[in-house]
Amino acid sequence: MDAIWQWDKHLFYILNQNKIPYPLEKLALWFHSNLNYLIPLAIAMGIAFLKGRPKERRFVAWLLILIIVVGLGNKGLKYIFQRPRPPYTLDKHHLQLRVPRSTIPSSSYSFPSGHSAFFFALALYTSWHYPSLLLILLSYLLASFVAFSRIYLGVHYPLDILGGFASGSTFAALILLLQCHWTKSKTPPQTSPNPQDSNPNKS
């Protein structure tokens with residue numbers, strides 16, 4: 107187990123200390139605040155639900171359920187593992203913390219990464235409903251960038267990211283299974299026509 111933690115810390119330093127282009131760093135900082143992406147997402151979901159067709163409304167309704175499940179499930183996992191974040195466990199002289207420490211209180215645990223769980227859950231859910239190759243690539247590219255940015259900003263370890271990927275994907279898969287089961291239960295069974303009804307010799 108100690109070897110895993112050492113590997114985790116070593117990989118963290120590699121990804122955390124190498125600078126990325128300034129526009130990408132600004133984007134990483136933008137995603138750091140939940141409100142920056144949750145408010146636009148909530149507005150888009152509201153418009154889609156009010157103006158969209160039944161298919162879009164179902165998509166939004168189940169997406170809302172997914173967001174709640176991911177949020178609550180991730181909080182539960184954080185409480186179980188209670189892993190401190192890098193700023194509270196690593197030497198500050200070797201850590202590149204690129205966000206104010208006040209935005210990551212010590213009571214906010216590290217494993218699994220909530221950002222990673224949310225965006226990978228969103229990627230799987232969206233890709234399943236709209237299986238366009240371009241959309242799938244963009245969804246997972248965005249999720250991967252946000253996941254990487256959590257290490258780059260100094261607020262998560264690589265294992266936190268893997269944990270977020272696993273938890274988010276699992277929650278999304280469970281919601282999709284539940285949605286499929288619910289949709290199937292609401293679909294009336296198709297009755298096959300009686301062969302005798304189409305028999306021309308029937309008297």
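Per my numbering: the sequence shown ends with 309, consecutive numbering throughout. The beta carbon of each residue, even a glycine, is placed where N, CA and C say it ideally should be. Note that this is a predicted model, so its numbers are computed, not measured.
| Asked | Found |
| --- | --- |
| Residues near His221 in its chain [Cβ-Cβ closer than 6 angstroms; skip 5 each side] | Val252 and Arg256 |
| Separation of Asp114 from Ala227, as counted between CA atoms | 23 angstroms |
| Ser309 to Leu280 span [Cα, whole Å] | Confidence at Ser309 is low in this model, with a pLDDT of 46, below 50, so the placement of that residue should be treated as unreliable; the coordinate-derived value is given next. If I take the Cα positions, the gap works out to 54 angstroms. |
| Residues near Tyr143 by beta carbon distance below 7 angstroms, same chain, minus five either side | Phe137 |
| Ile149 in three-state terms, based on DSSP | helix |
| 7 angstroms Cβ shell around Ser273 - same chain, five flanking residues per side excluded | Gly179, Asn180, Leu183, Pro218 and Ala223 |
| Gly269 classed as buried or exposed, judged by whether at least 16 other C-beta atoms fall within 10 angstroms | buried |
| Length-filtered (3 minimum) beta strand (DSSP E) runs lying within the stretch 220-245 | none |
| Under the three-state DSSP convention, the category Gly260 falls into | coil |
| Three-way DSSP call (helix, strand, coil) for Ala184 in this model | The amino acid at residue 184 is misidentified as Ala; the sequence shows Lys. Helix, per DSSP. |
| Contact check, Gly260 vs Arg204, beta carbons under 8 angstroms | yes |
| Residues of its chain near Pro190, where Cβ-Cβ distance is below 8 angstroms and the 5 sequence neighbours each way are ignored | Ser212, Tyr215 and Ser216 |
| Pairwise C-alpha distance: Tyr258 and Pro129 | 14 angstroms |
| Neighbour-count burial assignment, Leu265, 16 or more Cβ in a 10 Å radius | buried |
| Coarse secondary structure for Lys115, derived from DSSP in three states | helix |
| Cutoff 6 angstroms; reference Val166; Cβ partners in own chain excluding five residues on either side | Met151, Ala154 and Phe155 |
| For Pro127, the three-state DSSP class (helix, strand or coil) | coil |
| 8 angstroms Cβ cutoff met for Thr232 and Ser245 | yes |
| Top-ranked residue by Cα proximity to Phe225, from Asn140, Leu135, His116 and Pro127 | Asn140 |
| Asn124, buried or exposed, once every other Cβ within 10 Å from all chains shown has been counted against 16 | exposed |
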